[in-house]
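When you line the sequence shown up against mature numbering (1 follows the signal peptide of the UniProt record, and there is no 0), it's residues -26 to -1, 1 to 374, in that order. Virtual Cβ for every residue (Gly too), placed ideally from N, Cα, C.
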Amino acid sequence: MITRARVGILLAAAFATVFTSAVVPAAVLAQQSNQAETSASATTHSGKIRMNEIQFMGAHNAFHREMQGAELVESLKIDPGYPSWGFYSHASIDTLLGRQNVRALEFDLLPDPDGGLYRHPLARKQAGLGPIEDPAMAAPGMKVMHVADQDYNSTCRTLVLCLQQVKTWSKAHPEHVPVILQLELKQTDDRWERLGGAVSPPWDRALLDGIDQEIRSVFSESQLITADDLRRPGLTLEQSILKYGWPDLDWARGKVMFFFDNGGPGTIRDMYLDGHPSLQGRAVFTRGNPGDADAAITMVNDPRGGNEATIRDLVKRGYIVRTRSDEPLKTITEKDFARVQTALASGAQMVTTDFPSVGMTARYDSDFVAELPDGGPVRCNPVAAPRGCHDDKLEPSYSR
């Protein structure tokens, strides 16, 4: 039986475990579709800096708050290794975008079409606690959490609530560079399902349509950057990006852009694209691989080794790339502090971290922080920015 007194022992044991991370890029899919015509006026280049010619930090699992108290004790019973991957917490969305200068946020989504599915997590039940009292958990709609039943604390519990917080900050800082919102679509773990936890419905077309609807319930079309803004007549999204480039940064200011973490050939991506070739009418970019009709944003999670050259090549060709400067808590326990410099040097536009502010790793006897060299929100991309780009001209100081 695990008691609170033994939590420290489990922590020490868990930090000794070595974890590996997946490098996501996969095989090329060679199917392209005919496109409806669009003016794509956003991609008309005026000689100014483009939105893919900058670099900024992002927050991995931006909503995440680690478990506490009796729920932590029960979470450790479910997975004694939890501290090695779950012991980090982010500030509120407003603070991440504001004082911590983050310009990309990741949200993990679990479907809850009827409402209340995740209201009484397994860890709470086992701790003798009642359902989560937040009424948002009882309402239908996408829920935001890392792992249902075991690691579910969030600063904003639903997608709509998270997006409303982003919108509030954006309206107060209308000249900000575009904020990229990464969505990872998840399902419940069968290990916890067998213990009596929630069982999420499989992702289907209706649920994916629901994500678009929730996004558009918060943001107007003029506040979104979508594939329809970029695609040229007779060309796929990828062809449009590679031939004509991304929009000017000035056009993209004050806007947000979404992309799905789930990529490569697979059910979710295929369902989302079905009937929407090159993402016609869709609110979210998919993570296509180079050569795919929907390819515009991609991921190379680990920038080390040969992946640094891969990222540089993708950035030079015109793709927007996300990489990671660290992993909780492997980067800290193994003191792999050079990874953040490798990530920044790679030219990936979006470098995500779990430690965007000074002091967050002090509890582990570390001063590690992942930030741009000057600590600001954005800089000229070291690989893609043209001559004449100046960091201090990219975003007004009031946004910092």
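Starting from residue 32 and walking both ways along the alpha helix (DSSP H), at which residues does that stretch end?
DSSP places residue 32 in no alpha helix (DSSP H) but in the uninterrupted beta strand (DSSP E) bounded by 28 to 33.
Return the chain-ordered list of same chain residues with a C-beta closer than 7 angstroms to the C-beta of residue 370, the five sequence neighbours on each side being excluded.
If we look at residue 370 and ignore the five residues flanking it on each side, its Cβ neighbours are 149.
Hey, quick one: how far does the alpha helix (DSSP H) through residue 106 stretch, first residue to last?
Unbroken run through residue 106: none, as it is neither H nor E.
DSSP three-state call for residue 118: helix, strand or coil?
strand
Check for me: the beta strand (DSSP E) holding residue 84 runs from which residue to which?
78 to 84
Starting from residue 324, follow its DSSP beta bridges and name the residues at the other end.
30, 296
When DSSP labels each residue in this structure, what does residue 213 get in the three-state scheme?
Here DSSP, grouped into helix, strand and coil, assigns residue 213 to helix.
How close, in whole Å, do the beta carbons of residue 274 and residue 140 come, if the pair is a contact with beta carbons under 8 angstroms?
With a Cβ gap of about 25 angstroms, residue 274 and residue 140 do not count as contacting.
From the DSSP output, in three-state form, read off residue 252 for me.
Per DSSP, reduced to three states, the secondary structure at residue 252 is helical.
Short of 7 angstroms in beta carbon distance, which residues of its chain neighbour residue 171, apart from the five on each side in sequence? Order them along the chain.
96, 122, 123, 162
Assign residue 249 to buried or exposed, taking buried as 16 or more other Cβ atoms, counted over all protein chains shown, within 10 Å of its Cβ.
Residue 249 should be labelled exposed.
Between residue 164 and residue 363, what straight-line distance do the alpha-carbon atoms span, to the nearest angstrom?
50 angstroms
Under the DSSP definition of a beta bridge, which residues are partnered with residue 415?
Here the chain covers residues -26 to 374 and nothing more, so residue 415 does not appear.
Residue 153 to residue 70, Cα distance in whole Å?
12 angstroms
Start and end of the alpha helix (DSSP H) containing residue 315?
313 to 319
State the DSSP-derived secondary structure class of residue 74, mapped to helix, strand or coil.
coil
Using DSSP bridges, identify the partner residues of residue 128.
38
Output yes if chain B places a C-beta closer than 8 angstroms to the C-beta of residue 229; else output no.
Absence of chain B from the displayed structure is noted, only one protein chain being present.
Roughly how many whole angstroms lie between the Cα atoms of residue 246 and residue 114?
Straight-line spacing of the CA atoms in residue 246 and residue 114 works out to 21 angstroms.
With H, G and I counted as helix, E and B as strand and the rest as coil, what does DSSP make of residue 5?
Below a pLDDT of 50, predicted positions are generally treated as unreliable, and residue 5, at 32, falls in that range; no measurement from the model is reported.
Applying the 10 Å Cβ sphere with the 16-neighbour rule, what's the burial state of residue 317?
buried
Roughly how many angstroms lie between the CA atoms of residue 350 and residue 324, to the nearest whole one?
14 angstroms
So who's on the other strand from residue 203, going by DSSP bridges?
Residue 203 is not bridged to any residue.
If you reduce the DSSP assignment to three classes, tell me which class residue 348 lands in.
Reduced to three states, the DSSP call for residue 348 is coil.
Taking the alpha helix (DSSP H) that residue 272 belongs to, which residues open and close that run?
Unbroken run through residue 272 is the beta strand (DSSP E), 271 to 273; no alpha helix (DSSP H).
Taking residue 403 as part of the alpha helix (DSSP H), name the residues at either end of that continuous run.
This structure cannot speak to residue 403, because the chain is shown only from -26 to 374.
In three-state terms, what does DSSP make of residue 361?
coil
Please classify residue 194: is it buried, with 16 or more other beta-carbons within 10 angstroms of its beta-carbon, or exposed?
exposed
Whole angstroms is fine: what's the gap from residue 436's alpha carbon to residue 266's?
A question about residue 436 goes unanswered here, because the residues of the chain that appear run from -26 up to 374.
For residue 365, collect the residues of the same chain with a Cβ closer than 6 angstroms to its Cβ; drop the 5 residues on either side in sequence, then sort them by chain order.
Only 353, 354 meet the Cβ criterion.
Just grab the DSSP bridge partners of residue 354 for me.
28
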